[in-house]
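2 protein chains.
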Amino acid sequence: MIRSVNPLAQEPRYELIGRVLRENILSGVLPQGFVLLEGPIAAVMQTSRVPVQSALRQLLEDGLIHRFDGRGYLVGQGGADVIPIRRDIRELELEIPQVVDEALQTRGTWRHVYDKVEEEVASCQIFGEFRIVETELADHLGVSRTVVRDVLARLQERGLVRKSPSSHWIAGPLTARTVSEKFELRGIMEPAALRLAGPHIRYAEVEALLERTGTDPGITPQYLGDALLELCIAQAPNTALVEMIRSNRLLLSSVDRALILLGLPRDEDTIEQYQTLLDLITHHPIDSACEYLRYHLSITARRYLARMKIVAVIDETGSFAPYLSPQ
Amino acid sequence: MIRSVNPLAQEPRYELIGRVLRENILSGVLPQGFVLLEGPIAAVMQTSRVPVQSALRQLLEDGLIHRFDGRGYLVGQGGADVIPIRRDIRELELEIPQVVDEALQTRGTWRHVYDKVEEEVASCQIFGEFRIVETELADHLGVSRTVVRDVLARLQERGLVRKSPSSHWIAGPLTARTVSEKFELRGIMEPAALRLAGPHIRYAEVEALLERTGTDPGITPQYLGDALLELCIAQAPNTALVEMIRSNRLLLSSVDRALILLGLPRDEDTIEQYQTLLDLITHHPIDSACEYLRYHLSITARRYLARMKIVAVIDETGSFAPYLSPQ
DNA sequence: CACCTATGTTATACGAAGTACAGTTTTTCC
DNA sequence: GGAAAAACTGTACTTCGTATAACATAGGTG
Chain A
1 MIRSVNPLAQ EPRYELIGRV LRENILSGVL PQGFVLLEGP IAAVMQTSRV PVQSALRQLL
61 EDGLIHRFDG RGYLVGQGGA DVIPIRRDIR ELELEIPQVV DEALQTRGTW RHVYDKVEEE
121 VASCQIFGEF RIVETELADH LGVSRTVVRD VLARLQERGL VRKSPSSHWI AGPLTARTVS
181 EKFELRGIME PAALRLAGPH IRYAEVEALL ERTGTDPGIT PQYLGDALLE LCIAQAPNTA
241 LVEMIRSNRL LLSSVDRALI LLGLPRDEDT IEQYQTLLDL ITHHPIDSAC EYLRYHLSIT
301 ARRYLARMKI VAVIDETGSF APYLSPQ
Chain B
1 MIRSVNPLAQ EPRYELIGRV LRENILSGVL PQGFVLLEGP IAAVMQTSRV PVQSALRQLL
61 EDGLIHRFDG RGYLVGQGGA DVIPIRRDIR ELELEIPQVV DEALQTRGTW RHVYDKVEEE
121 VASCQIFGEF RIVETELADH LGVSRTVVRD VLARLQERGL VRKSPSSHWI AGPLTARTVS
181 EKFELRGIME PAALRLAGPH IRYAEVEALL ERTGTDPGIT PQYLGDALLE LCIAQAPNTA
241 LVEMIRSNRL LLSSVDRALI LLGLPRDEDT IEQYQTLLDL ITHHPIDSAC EYLRYHLSIT
301 ARRYLARMKI VAVIDETGSF APYLSPQ
């Protein structure tokens, strides 16, 4: 049973805030006598004052802070000799761990489990058709059916699962046709987005990436694909378009990751194609880059389909998440 | 309180099946002594046997059918002299009303309320920002919060509502920017789809439509727009693309309907543009039609934005569904 | 800081509908 | 006329759709 990818994501905000304050008091970042005020803390944590209140109450009980004759709380056990330090908490550089920060950003259990389920559901589809039973998934995730249904409804909207005629949840199979359609869509939308993005690309960053490509072994085709999306295509000033491009790529890249995990060799010459593309983007009219992107996608689609066929031959049904039962 | 657009849609299947059988018995289509078997009835109704069983039990209680020494039920009150008629029910041409047939197709309360909510939520957005409260919507629709949350989650996925930072549901406002983005998307996707659709268009039907255009006063720009989508663009052999085009148009056409309801004059010359377009599609290379479609969309976008500005001046907040409260 | 409101989530329950299988009736074919 | 095959029913089991109550959390406001 998994509760979440980020274990802190489940905790209420006041716990997270309390945790941050506690650690900063113990580490000395918040000095004895420092005046803690609700409002500024809420501002730093990007939340409202209510959870800050709860956190402070808890810290008071734990004896880490104390009240005094004035507004707010003082850090430390208290005593007559402590002089209140009144400074803006924003100047103090509180240490806020990455995980806590993330957990503060997102709300809703379903968000925390969604990504994991999405990835697992998407990547199983090369291996055929799978059935998902709500209660099994709920047990597996350690959440209620309500949350599971929320997740599944959204997966359905994004086209990753569907309902059988008897209204059971079905994922896959990923057919050559589906893949072709998705690449066809990429060929329509991504060059168009790149053209729109033209004036908004931060060329220095692209150039820096281009420099590293070829020497840095950490730069895989996947990395380049994502970077191209983020640095160039996603700069298009049309959020709806970018959103569609993202959601269209979702299944393809999940499958890609799954294929890599399966040990399929990645082809080296796509790196060359990316280099050419990045070069065109930085040094030539954007239209030529768009044209080349279209060409690149048509090649990639063929390669992708060829790799899928290999898997179909392997038919090694690796290990799927237990809630995914092959049909 | 509204329960549904189609009042029968809420009823369980066995009720619908019972209703059909009852009416066909009373009208005499099902003669006295006819042997009613579960399986065949289920096949006719396109369902499983379970609801048919329930329906038959109910009819038995009502005295419209009776059991006999054999499998199934006999139509009529019964008596020693009735001779069982064994014939395939499919030969009998049961009268199945349109509404019942529709209701049998769809399942799930949320489906029945979804369209209505979608339309209302979409069309309010020209008038600014609206808040939706789950419980109010639930009361209004006469359903539980469960269903409402399902509907809202899907509206969110389709980009018609969003969450405020305090995670309240917000619809709108429809800004000029949003509209421009959506038309930009149309300009990218619809010509591309039209090109793909080229070989699959049933030209006879398009020609028939073209004939009627100009003479038949029932052919409005809206009608033509929908027809163009269905007859030509949606014929593209890429379901994902067509799906995206549909969902992208959703908000635009809802707003369009709202504007017409508001009494804004429709411009007559778009009909001419549609005529030109249909003519190009039927009699010329598809590329020229694509090009013209792109041009047409850019004009339409400008007109659309101009009409929206008029409404902004009117700022007459007509009557919205009661669960939509302006911010 | 207290109160009010709305959302997120859980748990539970029940009805509706599909599936599978065993057992029975009807049909078919010799 | 009788046996095998096909069709049908009864029934238990499973899953999904929805309702409902309840509670914690968080935001807003005076």
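Listed in order, the protein sequences are those of chains A and B. Each residue of the first sequence is one higher than the one before, counting from 1 in UniProt numbering. Each residue of the second sequence is one higher than the one before, counting from 1 in UniProt numbering. Positions of the beta carbon are idealized from the N, C-alpha and C atoms, including for glycine.
Bridge partners - residue 161(B), DSSP secondary structure assignment: 171(B)
What would DSSP say about residue 131(B), mapped onto helix, strand or coil? strand
Might you give, ordered along the chain, the residues of its own chain that have their beta carbon closer than 6 Å to the beta carbon of residue 58(A), omitting 5 neighbours on each side? 18
State yes or no: is the C-beta of residue 311(B) within less than 8 Å of the C-beta of residue 262(B)? yes
Can you tell me whether DSSP reads residue 251(A) as helix, strand or coil? helix
Measuring CB to CB, does residue 301(A) end up less than 8 Å from residue 130(A)? no
Could you have a look at residue 149(A) and say whether DSSP puts it in helix, strand or coil? helix
Which word fits residue 273(B), buried or exposed, when buried means at least 16 other C-beta atoms lie within 10 angstroms of its C-beta? buried
Does residue 2(A) pass the burial test, meaning 16 or more other C-beta atoms within 10 Å, or should it be called exposed? With a pLDDT of 41 at residue 2(A), under the threshold of 50, the modelled position of this residue cannot be trusted; read the value that follows with caution. Residue 2(A) should be labelled exposed.
Below 8 Å between beta carbons: does that hold for residue 197(B) and residue 233(B)? yes
Does DSSP put residue 311(B) in a helix, a strand or coil? helix
Nearest-angstrom beta carbon gap, residue 271(A) and residue 241(A) [assumed within contact, 8 Å]: Not quite, the Cβ-Cβ distance comes to about 27 Å (not below 8 Å), so this is no contact.
List the whole-angstrom C-beta distance separating residue 40(A) from residue 13(A), where the pair is believed to meet the contact cut-off of C-beta under 8 Å. Not really, about 16 Å apart at Cβ, beyond 8 Å.
Own chain partners of residue 5(A) with C-beta closer than 8 Å, once the 5 adjacent residues on each side are dropped: Note that residue 5(A) has pLDDT 47, beneath the 50 cutoff, so the model's placement of it is unreliable and no number is given.
Hey, would you say residue 75(B) sits closer than 8 Å to residue 109(B), going by beta carbons? no
In the structure shown, what three-state DSSP assignment does residue 82(A) receive? coil
Opening and closing residue of the beta strand (DSSP E) in which residue 324(A) lies: 324 to 326
Taking 7 Å as the limit between beta carbons, can you name the residues of its chain near residue 94(B), skipping five residues before and five after? 20, 24, 29 and 44
Since residue 36(A) sits in a beta bridge, which residues does DSSP pair it with? 73(A)
Under 8 Å between beta-carbons, which chain A residues line up against residue 185(B)? List them in chain order, please. 238, 240, 241 and 244
Do you know offhand how far residue 331(A)'s Cα is from residue 150(A)'s? The question about residue 331(A) has no answer, for chain A in this structure spans 1 to 327.
Determine, for residue 154(A), whether the minimum Cβ-Cβ distance to residues of chain B falls below 8 Å. yes
Limits of the alpha helix (DSSP H) - the one that residue 233(A) falls within: Unbroken run through residue 233(A): none, as it is neither H nor E.
In terms of residue numbering, what span does the beta strand (DSSP E) encompassing residue 67(B) cover? 65 to 67
Check each candidate in 55(A), 201(A) and 259(A) and name the one with the smallest Cα separation from residue 228(A). 201(A)
What residues from chain A crowd round residue 45(B), counting only those whose CB sits closer than 7 Å? Those within 7 Å of residue 45(B) in chain A number zero; the least Cβ separation is about 14 Å.
By DSSP, does residue 166(A) sit in helix, in strand, or in coil? coil
For residue 88(B), count neighbouring Cβ atoms within 10 angstroms of its own Cβ and tell me buried if that reaches 16, exposed if not. exposed
So, with DSSP's three-state summary, where would you put residue 144(A)? coil
Does the separation of the CB atoms of residue 22(B) and residue 38(B) fall below 8 Å? no
Using a C-beta cutoff of 8 Å, does residue 189(A) count as contacting chain B? yes
Counting contacts by CB-CB distance shorter than 8 Å, is residue 3(B) in contact with chain A? Caution is warranted here: a pLDDT of 38 is assigned to residue 3(B), below 50, making its placement in the model unreliable, and no coordinate value can be reported.
Strictly below 8 Å CB to CB, what residues from chain B border residue 192(A)? 188
What residues of chain B sit near residue 150(A), judged by a beta carbon separation below 9 Å? 149, 150 and 153
Let me see if you follow: with CB-CB separation under 8 Å, is residue 14(B) close to chain A or not? no
With burial defined as no fewer than 16 other Cβ atoms inside 10 Å of the residue's Cβ, what is the status of residue 268(A): buried or exposed? exposed
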